[in-house]
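Protein chains in written order, with our numbering: chain A, 12 to 473; chain B, -3 to 344.
Cβ coordinates follow ideal geometry from the N, Cα and C atoms, glycine included.
Okay, so here's the structure we're looking at.
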């Protein structure tokens, strides 16, 4: 069978300020395939797809849809050409119903030519009259996919659609993509999870710093070879650690969960099961009667730029934000910015933070470096307990490695670490003990439980 | 450590360019309407800067309330509380100061004047207090509550000067003059009063608080990113917002008190030609930087003074000067938001 081109991008270049986001990237999506687009954060994956969808204008290069050269100036034009996009963040309007959101997305009634079966499968689990804000995260993601298919798209672009989903939901979504491709549709799946690529895609394109480092069939590739293409060198294996031989004192005491000094307790849960509330209670940000914590608790929030840092403030100001009463720079009502700036400079060096200096605004840092700032700041107070919420969300492999190393390091130094991740594999990789959170309650997990057993508990199974 | 790290182009060039553009638009508009534009602009200039008397007694005197209220606006806006009702807090301060001054009679100035000014500040803060309560308790937007409260304040002044505080003869809708001992000293030969020095001092103090103190840092953090302030800074966000609104009202009230004890010596309706609203523009033009508020307060004071001169000498209605103010504000807001969206784009 002759291969038909569904979407072709040729020699795409794009520059943002001083950063070359894409340096002459070629990309081809064939009809009937699921194509993985891999790369670290900042590799240019999202930018490339935003160019295909008319959200970003390329500086150079050409786009062809179905073999015909086109110029896509806006998402509307992209949709008219049969493209649909699932964005990294939810784009539905929470106060409107499912049906209203679909209508806003240009929903075409009647049987769809291209994705008929897939649309029906997706729609089955969604009540058209339900308000979006009442949907679970998984349902919201189904709605996002359905919206992308609203105008009967032949080409689907999905930007990290699995980041918020539970394992079974991921499997379901990937299955739907396969079905869509089987009907003659084509899909691009942006991800940095290698196992998803191996589970669902036919071919992959790997980007590294705005250039293609591999493009071709996934058959014959190994996780190590793809990781090498993403990172440029052999990734360091996660250094495992063994839980402390002698249990430390209990630092966090709550109904159903204790966290001892020197151990990492992982919380596994599907979004919306009350786990965040518990984390914040332990961190001392929300009142709770049944949680007692001994010693100072530091918190690493998931949303770095909304809760963790103030993007427009300098690194020094962001350091002081977390410790505005530290005697090193706080005297009575006054703040000594010179002392704080000097300390920031030390931390930049110590944590190898890539920044122009202590006066650089936090927004000028990459996600990984922002997370380093947050960790550096959290440790300034010499915490007895560290609470981390999705600490590697949106980070590339290197930065994730830093975060995991830091959490293990802290536990080794006697800190009680409580970590929640929506990525079950991350919880299992990090934690000495796992607790599942379901409907606002902790559910104990037997030591040595398998991934599947934990996954079942997360969905309410026994 | 700058209060607002921004591009250098936005620094000083922008306001000056905006003012020049505003004047150009005014000139074209006046010419189009058949006025003699050059002589109108000349009259505007004379009214603001034409003589020592014009500078001190018109421009600087009008700049005083604009600077002080503008500082109050900057405090509130920096904390993310949009106090639109400074006009009402200004009137509340004027009422409080007049009432206390008439009660005190002839106290010695060294004690009496501070008491009168303090009374004005407290009255202004009290006028902002319901907005604080409504916002923190019931989530009522302060944009609405402060604005509505200022209508109430204006109505209250109107009633007071025809009722409880009306001058003894009962003929004029204004209060009796306040005792001479409680009036602010003036520069001989001019109408420039001590409130001008106080305005400069307050601007420097506000700057130091913003930049050098923990409370000022908290205020900026809460205004810039309330969730990060609460989660990462463990800052009591509600308390900071409430305090910012109260201080903001207090400064507006102080300006009202200074206007009574430094300029009008009595309370009457339309005491303010909209100082409370113009001061919002003053603060925005200064991009909420207290030292910048001095400069932009002087610019707007000069425009107000020049407008009177223009009406007097060139028969151009003084409201025409709002064109200049409006152009300045639009240019600054567009430039600031463009700079912001450019940064956001670069970040994604």
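Using a Cβ-Cβ cut-off of less than 8 Å, list which residues of the segment 419 to 440 of chain A approach chain B; keep chain order. none
Expressed to the nearest angstrom, what Euclidean distance is found between the alpha-carbon atoms of residue 178 (chain A) and residue 113 (chain A)?
The residue labelled residue 178 (chain A) in the question sits at position 167 within the first chain. The residue labelled residue 113 (chain A) in the question sits at position 102 within the first chain. One C-alpha to the other measures close to 26 Å.
DSSP three-state label for residue 232 (chain A), please.
To locate residue 232 (chain A), count along the first chain from 1; it is residue 221. Three-state result, residue 232 (chain A): coil.
| query | Residues bridged to residue 73 (chain A) by DSSP? | reply | Translated into positions along the first chain, residue 73 (chain A) becomes position 62. The partner list for residue 73 (chain A) (beta bridge, DSSP) reads A:21.
Where do the ends of the alpha helix (DSSP H) carrying residue 87 (chain B) lie? Stepping through the second chain from its first residue, residue 87 (chain B) is reached at position 91. Residue 87 (chain B) -> alpha helix (DSSP H) spans 82 to 100.
What residues in the segment 210 to 233 of chain B bring their beta carbon closer than 9 Å to a beta carbon of chain A? 210, 211, 212, 213, 214, 216, 217, 220, 221, 223, 224, 225, 226, 227, 228, 229, 230 and 231
Sufficient close CB pairs (3 or more, under 8 Å) joining the segment 91 to 100 of chain B to the segment 281 to 292 of chain B
no
**Message:** Once the 5 residues before and after residue 187 (chain A) are set aside, which same chain residues still bring their CB inside 8 Å of it?
**Reply:** The count along the first chain starts at 1 and reaches residue 187 (chain A) at position 176. Excluding residues within five positions, the ones whose Cβ falls inside 8 Å are 129, 132, 133 and 156.
Which residues in chain B have a C-beta closer than 8 Å to the C-beta of residue 335 (chain A)? List them in chain order.
Position 324 of the first chain, counted from the start, is the residue given in the question as residue 335 (chain A). Those are 210, 213, 214, 229 and 231, listed as they occur along chain B.
Report task. From the DSSP output, read off the bridge partner residues of residue 170 (chain B). Result -> The sequence position of residue 170 (chain B) within the second chain is 174, counting from 1. B:264, per the DSSP bridge assignment.
*Which residues in chain B sit within 9 Å of residue 7 (chain A), going by Cβ to Cβ distance?*
This structure cannot speak to residue 7 (chain A), because chain A is shown only from 12 to 473.
| task | Measure the C-alpha to C-alpha separation of residue 284 (chain B) and residue 443 (chain A) and round it to an integer number of angstroms. | result | Locating residue 284 (chain B) in the second chain gives position 288, counting from the first residue. Locating residue 443 (chain A) in the first chain gives position 432, counting from the first residue. Spanning the two alpha carbons is a distance of roughly 50 Å.
In whole angstroms, what is the alpha-carbon distance linking residue 243 (chain A) and residue 170 (chain A)?
Taking the first chain and counting its residues from 1, the one referred to as residue 243 (chain A) is at position 232. Taking the first chain and counting its residues from 1, the one referred to as residue 170 (chain A) is at position 159. One C-alpha to the other measures close to 23 Å.
Do the segment 18 to 27 of chain B and the segment 207 to 214 of chain A make contact, defined as three or more Cβ pairs closer than 8 Å? no
### Query
CB residue 66 (chain B) to CB residue 218 (chain B), shorter than 8 Å?
The residue labelled residue 66 (chain B) in the question sits at position 70 within the second chain. The residue labelled residue 218 (chain B) in the question sits at position 222 within the second chain. No, the pair does not count as a contact, with Cβ atoms beyond the cut-off.
>> Within a Cβ cutoff of 6 Å, which residues of the same chain sit near residue 117 (chain B), ignoring the five residues on either side of it in sequence?
In response: For the purposes of this step, residue 117 (chain B) is taken as residue 121 along the second chain, with counting starting at 1. 246, 249 and 250.
task: Compute the beta-carbon to beta-carbon distance between residue 303 (chain B) and residue 323 (chain B), rounded to the nearest angstrom, for a pair I have assumed lies under 8 Å.
output: Your numbering for residue 303 (chain B) matches position 307 in the second chain. Your numbering for residue 323 (chain B) matches position 327 in the second chain. So it is not a contact: roughly 15 Å between Cβ atoms.
(request) Please go through the segment 276 to 331 of chain B and give each complete beta strand (DSSP E) segment of 3 or more residues, from N-terminal end onward. (result) none
Q.
Among the candidates B:296, B:60 and B:281, whose CA atom is the shortest distance from the CA of residue 9 (chain B)?
A. Residue mapping note: residue 9 (chain B) aligns to position 13 of the second chain, counting from 1. Per the Cα distances, B:281.
* Asked: Is residue 324 (chain A) close to chain B, meaning its C-beta is less than 8 Å from at least one C-beta of that chain?
  -> For the purposes of this step, residue 324 (chain A) is taken as residue 313 along the first chain, with counting starting at 1. Chain B contact via Cβ: present.
If you run the structure through DSSP and keep just helix, strand and coil, what is residue 189 (chain B)?
One-based indexing of the second chain puts residue 189 (chain B) at position 193. In this structure, residue 189 (chain B) counts as strand in the three-state DSSP scheme.
Exercise for the section: Would you mind listing the alpha helix (DSSP H) stretches within the segment 394 to 419 of chain A that are 4+ residues and don't spill past its ends, in chain order? Expected result: none
CB contact check: residue 18 (chain A) to chain B, cutoff 8 Å | Your numbering for residue 18 (chain A) matches position 7 in the first chain. Residue 18 (chain A) does not count as touching chain B.
Subject >> Beta-carbon contacts of residue 364 (chain A) that lie in its chain and below 8 Å, excluding the five residues immediately before and after >> reply: By one-based count along the first chain, residue 364 (chain A) stands at place 353. Taken in chain order, the residues that qualify are 326, 358, 376, 380, 383, 384 and 387.
* **residue 4 (chain B) classed as buried or exposed, judged by whether at least 16 other C-beta atoms fall within 10 angstroms** => Here residue 4 (chain B) is taken as the residue at index 8 of the second chain, counted from 1. Reliability fails at residue 4 (chain B), whose pLDDT of 47 lies under 50, so the model's placement of it is uncertain and the value that follows must be treated cautiously. Flag for residue 4 (chain B) reads exposed.
Worksheet item: Out of curiosity, what's the CA-to-CA distance linking residue 468 (chain A) and residue 447 (chain A)?
Response: For this step, residue 468 (chain A) is matched to residue 457 along the first chain. For this step, residue 447 (chain A) is matched to residue 436 along the first chain. If I take the Cα positions, the gap works out to 7 Å.
(request) Answer with buried or exposed for residue 134 (chain B), where buried requires no fewer than 16 other C-beta atoms within 10 angstroms of its C-beta. (result) As a first step, residue 134 (chain B) is located in the second chain; it is residue number 138 there, counting from the start. So residue 134 (chain B) counts as exposed.
Pairwise C-alpha distance: residue 151 (chain A) and residue 105 (chain A): As a working note, residue 105 (chain A) is residue 94 in the first chain. As a working note, residue 151 (chain A) is residue 140 in the first chain. Taking the straight line joining both Cα atoms gives about 10 Å.
| message | 8 Å is my cut-off, CB to CB: does residue 302 (chain A) come that close to chain B? | response | Here residue 302 (chain A) refers to the residue found at position 291 of the first chain. False, the Cβ-Cβ gap to chain B never drops below 8 Å.
ask   = Interface residues of chain B around residue 312 (chain A) at Cβ under 8 Å?
value = What you label residue 312 (chain A) is simply residue 301 of the first chain in a count that begins at 1. Here the neighbours are 227 and 228.
Open item on the list: If you reduce the DSSP assignment to three classes, tell me which class residue 103 (chain B) lands in.
Closed with: Residue 103 (chain B) sits at position 107 when you count from the first residue of the second chain. Of the three classes helix, strand and coil, the one that applies to residue 103 (chain B) here is coil, per DSSP.
Keeping to the same chain, check which residues put their C-beta closer than 7 Å to that of residue 227 (chain A); ignore five residues upstream and five downstream.
Here residue 227 (chain A) corresponds to residue number 216 of the first chain, with the count starting at 1. Here the set comprises 214.
**Prompt:** Terminal residues of the continuous beta strand (DSSP E) containing residue 304 (chain A)?
**Reply:** Taking the first chain and counting its residues from 1, one reaches residue 304 (chain A) at position 293. 302 to 304 is the extent of the beta strand (DSSP E) around residue 304 (chain A).
What is the residue span of the beta strand (DSSP E) that residue 277 (chain A) lies within? By 1-based counting over the first chain, the position of residue 277 (chain A) is 266. Unbroken beta strand (DSSP E) run through residue 277 (chain A): 275 to 279.
Which of the three DSSP states is assigned to residue 149 (chain B) in this structure? As a first step, residue 149 (chain B) must be located in the second chain, where it is residue number 153. Here residue 149 (chain B) sits in helix by DSSP.
**Prompt:** Opposite residue 90 (chain A) in the DSSP bridges: which residues?
**Reply:** Residue 90 (chain A) sits at position 79 when you count from the first residue of the first chain. Paired residues: none, contrary to the question.
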